[in-house]
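S.K.: Starting off with a structure, shown below.
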Amino acid sequence: MPPIRWGSMPRCRLGLQAANTNCRGLRFRSTTGGGVQLRKTASPQPVSGLCVAGPSGRRQCIPLPGHRMSVGAERNPQNLRAFSSSSPFKNAAKSESAPGGRQQLQTISREDTNGRWYFQLRERIGKCIIFGLSEGQLARAVDLVAAMSAEWEKLVLHMGEYPTDQDGLRNHAVPWGDMDSFGHVNNVRYSRYAETSRVNWITGFAQKDPSNAQCWKSLMTKQSIGLIMADIYIRFLSPVVYPDTLNAYHKVIKLPDGPGEGDAATRSSMTLGCVIMSKKQRRIVATVTEKVLFYDYRTEKKTDAPEFALEVLRRACSDAAGAMAEAAGRIQQFREAVERLEAESWNREDAVEDMGSAKGGR
């Protein structure tokens, strides 16, 4: 049998590749619609098995007796129904009300908030596949990986209380000229990404509050009351290299609605948070904290936040807290699905590892 070329998704140790007598160049890839499709890079041949590269680097082809799949054919989207984002959250995380109408979640792990749950669950699924799965279990594993890949970004954002239904910086193709002599995007460029996201985020409220649409748009001008930058802090988490595509999202960390430590006039300022995400790395590459002031250009002095803005910003914070609770429940659903797969494979009492025999599924 000729050597097999293995491909895997970015930052992931799990690779899936269709196998037969010559499985070179045939591999699964996730699609934007949440499904999985077999990509053709060689002459069409009937598929009879699945080759897997797991965390330890071990490679194994699992035979699937009686299973034939035409090359280039997409999997049935109905197979993903159990993991659809529209499905009810049976195990939603418990929450309790906090001062100001916000909600605080209980027992939320660090892995849930930083996105590492995605990579951990993929490795656990890879262990199940390497151990040996039946044809039906294998299909569930592939569909589960595809569903997690499709929902990962939204869930990570919602766990950080970042809204995904508002404007920001979307699908920004990194220009080659943004890189510096060190071979990665220059650190100064991140402030520009955050600035673009902030302007789009602020002016985007005009659609949510049409009665004050012109007022929202004027906040980014010198007509009357506007927003000016007082302070910015950027934390760089991972270098970005061309080519890549970035998304940036904004949220309110502190509303301009009362006194605070060291600031007697916090009604004139608010603190914003921003995350910059890399599609190629599938992770957050930078976080930004911004303090902005409401400034009256007519009097050339800072001023209190206008009431129309306070009401809308409070509502946005409340909606983000609710989305966080739903995201926590969704992640728990994925965990339970992986646990069921483990209980049916290597973690069951009579488990015996499949060493590649030709007997087929269990």
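Residue numbering for the sequence shown follows numbering that gives the first Met the number 0, starting at 0 and increasing by one per position.
All C-beta atoms in this analysis are idealised placements derived from N, C-alpha and C, irrespective of residue type, glycine included.
Computed from a predicted structure; not experimentally measured.
Does Gly-159 come out as helix, strand or coil in the three-state DSSP assignment?
M.R.: coil
S.K.: Across which residues does DSSP place Cys-273 in a beta bridge pair?
M.R.: His-249 and Val-287
S.K.: List the endpoints of the continuous beta strand (DSSP E) containing Leu-226.
M.R.: 224-235
S.K.: Under 8 Å, do Leu-226 and Phe-293 count as touching if we go by C-beta distance?
M.R.: yes
S.K.: Tell me the residue span of the alpha helix (DSSP H) that contains Leu-168.
M.R.: From DSSP, Leu-168 is part of no alpha helix (DSSP H) but of the beta strand (DSSP E) over 168-172.
S.K.: Rounded to whole angstroms, what's the CA-CA distance from Ile-275 to Asp-349? Just pull it up for me.
M.R.: Approximately 46 Å between the Cα atoms of the pair.
S.K.: Looking at Met-147 and the ligand ADP, is the gap between the Cβ and the nearest heavy atom below 7 Å?
M.R.: Inclusion of the ligand ADP in the displayed structure is not the case, the ligand content being empty and no account of it being possible.
S.K.: Tell me, please, whether the segment 265-280 touches the segment 243-256 by the rule of three or more beta-carbon pairs shorter than 8 Å.
M.R.: yes
S.K.: Can you grab the Cα-Cα spacing for the pair Val-187 / Phe-235, in whole Å?
M.R.: Taking the Cα positions, Val-187 is about 11 Å away from Phe-235.
S.K.: Taking all protein chains shown into account, decide if Ala-342 is buried (16 or more other Cβ within 10 angstroms of its Cβ) or exposed.
M.R.: exposed
S.K.: Do the segment 138-148 and the segment 314-327 make contact, defined as three or more Cβ pairs closer than 8 Å?
M.R.: no
S.K.: Give the range of the alpha helix (DSSP H) segment to which Leu-120 is assigned.
M.R.: 115-130
S.K.: Among residues of its own chain, excluding the 5 on either side of Val-155, which ones have a beta-carbon nearer than 6 Å to its beta-carbon?
M.R.: Gly-114
S.K.: Using a Cβ-Cβ cutoff of less than 8 Å, which residues in the same chain neighbour Arg-334 once the five nearest sequence positions on both sides are dropped?
M.R.: Trp-116 and Leu-120
S.K.: Given a cut-off of 8 Å, decide if Arg-197 and Glu-289 are closer than it, judged by their beta-carbon atoms.
M.R.: yes
S.K.: What are the residues that DSSP puts in a beta bridge with Val-184?
M.R.: Per DSSP, Met-178.
S.K.: Distance check for Gly-203 and Ser-370, CA to CA, integer angstroms please.
M.R.: Limits of the chain in this structure are 0 at one end and 361 at the other, which puts residue 370 out of reach.
S.K.: Whole angstroms are fine: how far does the CA of Lys-153 sit from the CA of Val-351?
M.R.: Taking the straight line from one Cα to the other gives about 38 Å.
S.K.: Mapping the DSSP letters down to three states, classify Arg-197 as helix, strand or coil.
M.R.: helix
S.K.: Less than 8 Å between the beta carbons of Leu-137 and Ile-124, yes or no?
M.R.: no
S.K.: Considering only DSSP beta bridges, list what Tyr-294 is partnered with.
M.R.: Gly-225 and Lys-301
S.K.: Beta-carbon separation of Trp-200 and Asp-208 under 8 Å?
M.R.: no
S.K.: Out of Ala-212, Arg-266 and Ile-224, which has the shortest C-alpha to C-alpha gap to Glu-299?
M.R.: Ile-224
S.K.: Taking the alpha helix (DSSP H) that Lys-279 belongs to, which residues open and close that run?
M.R.: Note, Lys-279: premise wrong, no alpha helix (DSSP H); not H, not E.
S.K.: So, Val-291 versus Ala-229, is the Cβ gap smaller than 8 Å?
M.R.: Result yes, Cβ atoms of Val-291 and Ala-229 sit closer than 8 Å.
S.K.: Apart from the five residues just before and just after Thr-195, which ones in its own chain have a Cβ nearer than 6 Å to its Cβ?
M.R.: Leu-168
S.K.: From the DSSP output, which residues share a beta bridge with Thr-244?
M.R.: Ala-172
S.K.: Sorted by chain position, which residues of the same chain lie with C-beta nearer than 7 Å to Leu-312's C-beta, five sequence neighbours on each side aside?
M.R.: Val-251 and Leu-254
S.K.: Is it buried or exposed for Ala-371, if we count other Cβ within 10 angstroms and need 16 for buried?
M.R.: Residue 371 falls outside the range modelled here, since the chain spans only 0 to 361, and no answer is possible.
S.K.: On the premise that His-157 lies in contact with Glu-325, defined as a C-beta separation below 8 Å, what is that separation, rounded to the nearest angstrom?
M.R.: 7 Å
S.K.: From the DSSP output, in three-state form, read off Ser-148 for me.
M.R.: helix
S.K.: Candidates Leu-132, Cys-316, Lys-301 and Asn-185: which alpha carbon is nearest Lys-221's?
M.R.: Lys-301
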